[in-house]
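Here's the structure, in structure tokens; my notes come after.
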Amino acid sequence: MTGTTRSSAGLDDRRKRLLFRCWHRGTREMDLILGGFADAQIADLSDQDVAELENLLEVPDPDLYAAFSGGAPLAAEHATGIFTRIQRYVDEAHRR
Numbered sequence: 001m002t003g004t005t006r007s008s009a010g011l012d013d014r015r016k017r018l019l020f021r022c023w024h025r026g027t028r029e030m031d032l033i034l035g036g037f038a039d040a041q042i043a044d045l046s047d048q049d050v051a052e053l054e055n056l057l058e059v060p061d062p063d064l065y066a067a068f069s070g071g072a073p074l075a076a077e078h079a080t081g082i083f084t085r086i087q088r089y090v091d092e093a094h095r096r
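Counting from 1, one number per residue, gives the positions in the sequence shown under full-length UniProt numbering.
Right under this line is the structure:
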């Protein structure tokens, strides 16, 4: 079970692959953060957002989790608008 609540139906191949990659990171915490965000936003991401997310997925899970949890800053090349959007998603999820 991946945890996804979204079907990949209607997505182009690039977004389908990205949805899968977000839910199959290697650590459950990052699956939940990135997969949850992808479920909610993947269909609405611009091509630029998709490129930024693909780039962000190259960051190792421990470094990415540290950035999302506030434990360490993210390298400037990865601290893009999509990172900020995902961070807002995480913050809003914690408020619920």
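Every residue gets a Cβ at the ideal spot worked out from N, C-alpha and C, and that includes glycine.
Identify every run of the beta strand (DSSP E) within the stretch 44 to 96, keeping only runs that are complete inside it and at least 3 residues long; order them along the chain. none
Do you know how far the Cα of residue 70 is from the Cα of residue 20? 26 Å
Helix, strand or coil: how does DSSP classify residue 17 here? helix
Give the straight-line distance between the Cα atoms of residue 54 and residue 62, rounded to the nearest whole angstrom. 17 Å
If I'm right that residue 39 touches residue 5 with Cβ under 8 Å, what's the distance once you round it to whole angstroms? Yes, they are in contact, since the Cβ atoms of residue 39 and residue 5 sit about 5 Å apart, within 8 Å.
Close beta carbons around residue 14, own chain, < 8 Å, minus the five adjacent residues each side: Cβ within range, chain order: 50.
What is the DSSP secondary structure of residue 11, reduced to helix, strand or coil? coil
Which stretch, first to last residue, makes up the alpha helix (DSSP H) that contains residue 26? Premise fails: residue 26 is in no alpha helix (DSSP H) and is neither H nor E.
Can you find the residues in the same chain that come closer than 8 Å, C-beta to C-beta, to residue 74, ignoring five residues on each side of it along the sequence? 59, 63, 64, 67, 83
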